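K.L.:
Every number in full-length UniProt numbering is 534 more than the matching position in the sequence shown, counting from 1.
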Amino acid sequence: HVKRTGKSNYQFYSASIHNRIIGNFELESLLRKAMDRNEFSLYYQPQIDTNSNKIYGAEALLRWHSRELGLISPNEFIPVAEETGLIVPIGEWVMKEACRQNKEWHDRHFPKFPVSINLSIRQLYQTDLVERLNKIIQESGLDPKYLELEITESMTMDTETTSLILCQLKKSGVKISMDDFGTGYSSLNNLKKFPIDYLKIDQSFIKDIAVNDDDRDIVATIIMLAHNLKIKTIAEGVETSEHVQFLKSQDCNVLQGYHFSKPLPAKDFEKWLINWNKNN
Ligand code: C2E
Ligand code: MG
Ligand code: MG
Ligand code: MG
């Protein structure tokens, strides 16, 4: 995952090189220590409601500031965390922290909005996931309607088992989003069987909609399909006003991307939000 645009991505680049030198074994041992050392944090990226132009919600994205390696992208360490099972305690921390932060915003009288977190397939199939989630929600004091879970389809996914789990999760009062839709193993059968509230159109389809007719057609069709199934749509990777214009013309419900803001630490996100509310 070598990214070449922008200054801040240089760190990802060097971390990526570093990983190859140190290998997965060392990465794993540093990852094990990361939790005790408080090296994880959540960044928040705003999502904008196309109808009102107000904030719709925020996605919480995990960041690892490693003492040894610097800032490492989740694309680099999530796969290792999944392989080793470390994703379970890390994911539990993510759930707790997202609930805690959103409750804190409520207590400080920010306008209320849902925060979404990403769940890996391994977490989803944890036998006690629903109990753990319920416990975390209860202890945080957050109204569960302000929590959303993002899942991605995967090859190892069994449709019947997954829809059972998702139904149990929905009983906890949270919302479910299908992330990265259109990539990988997307199946219309899943779309029909899963109790999904939101479908997130993968950024790879959004990227070229200004110049590529096929991508425009695909995005328009995904939005129509979702809406016919009473599922709301969120576009990822919205970077330009052309993107915004096209997605609004297709009645996409929610927009997320650098055009509005990159993911920000909680304090910076608060400043962004206050400023956005002043101007919109
Ligand atoms: P994702 O859930 O699809 O998250 C969207 C990714 O797109 C984020 O990358 C975000 O920073 C990036 N992004 C947002 N807007 C734009 C844009 O306009 N243009 C471009 N080019 N990119 C944009 P990030 O934060 O590096 O996360 C990468 C992936 O790592 C996430 O993809 C998600 O699959 C995974 N991830 C992140 N946090 C967690 C977590 O807490 N748990 C788990 N299991 N996975 C996570
Ligand atoms: Mg996501
Ligand atoms: Mg995504
Ligand atoms: Mg992704």
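The beta-carbon is built from N, C-alpha and C at its ideal position, and this holds for glycine as well. Given the structure is predicted, the values throughout are model-derived calculations rather than measurements.
Where does the unbroken alpha helix (DSSP H) through Glu673 begin, and where does it stop?
P.N.:
Locating residue 673 in the sequence shown gives position 139, where the first residue counts as 1. First-last of the alpha helix (DSSP H) with Glu673: Leu663 to Ser674.
K.L.:
Under 7 Å Cβ to Cβ from Ser542, same chain only, skipping five residues before and after it: list those, please.
P.N.:
Position 8 of the sequence shown, counted from the start, is the residue given in the question as residue 542. Here the model assigns Ser542 a pLDDT of 44, short of 50, so the residue's position is not dependable and the matter cannot be decided.
K.L.:
I'd like to check one pair, Arg597 with Ser563: are the Cβ atoms closer than 8 Å?
P.N.:
The count along the sequence shown starts at 1 and reaches residue 563 at position 29. The count along the sequence shown starts at 1 and reaches residue 597 at position 63. No. Outside cutoff.
K.L.:
Can you look up Pro648 in the DSSP assignment and give me helix, strand or coil?
P.N.:
Locating residue 648 in the sequence shown gives position 114, where the first residue counts as 1. Pro648 falls in the coil class under three-state DSSP.
K.L.:
Give a single yes or no on whether Tyr792 has its beta carbon closer than 7 Å to a heavy atom of ligand 1.
P.N.:
As a first step, residue 792 is located in the sequence shown; it is residue number 258 there, counting from the start. Checking every heavy atom of ligand 1 against the Cβ of Tyr792, one is found closer than 7 Å.
K.L.:
Would a C-beta distance cut-off of 8 Å place Asp748 and Lys734 closer than the cut-off?
P.N.:
If you number the sequence shown from 1, residue 748 lands on position 214. If you number the sequence shown from 1, residue 734 lands on position 200. No; because the gap between Cβ atoms is not below 8 Å, this pair is not in contact.
K.L.:
Taking a cut-off of 6 Å, which residues have a beta-carbon closer than that to any heavy atom of ligand 2, in chain order?
P.N.:
With the cut-off at 6 Å, the residues found are Glu593, Asn652, Glu684 and Asp713.
K.L.:
Leaving aside the five residues before and after Lys727 along the sequence, list all residues of the same chain whose C-beta is less than 7 Å from its C-beta, in chain order.
P.N.:
Counting from one through the sequence shown, the residue named residue 727 turns up at place 193. Thr693 and Ser697.
K.L.:
Cβ of Gly733 versus every heavy atom of ligand 1: is any distance shorter than 7 Å?
P.N.:
Sequence index remark: in the sequence shown, residue 733 carries index 199 (1-based). According to the sequence displayed, residue 733 carries Leu and not Gly. It does not: the Cβ of Leu733 is nowhere closer than 7 Å to a heavy atom of ligand 1.
K.L.:
What's the C-alpha gap between Ser771 and Gln737?
P.N.:
Within the sequence shown, the letter at position 237 stands for residue 771. Within the sequence shown, the letter at position 203 stands for residue 737. One detail in the question is off: residue 771 reads as Gly in this sequence, not Ser. Near 5 Å, if we compare the C-alpha coordinates of Gln737 and Gly771.
K.L.:
Taking only the alpha-carbon atoms, compute the straight-line gap between Lys782 and Thr584 and give it to the nearest angstrom.
P.N.:
To locate residue 782, count along the sequence shown from 1; it is residue 248. To locate residue 584, count along the sequence shown from 1; it is residue 50. Using only the alpha carbons, I get a separation of about 6 Å.
K.L.:
What are the start and end residues of the alpha helix (DSSP H) that includes Lys766?
P.N.:
Position 232 of the sequence shown, counted from the start, is the residue given in the question as residue 766. Unbroken run through Lys766 is the beta strand (DSSP E), Lys766 to Ala769; no alpha helix (DSSP H).
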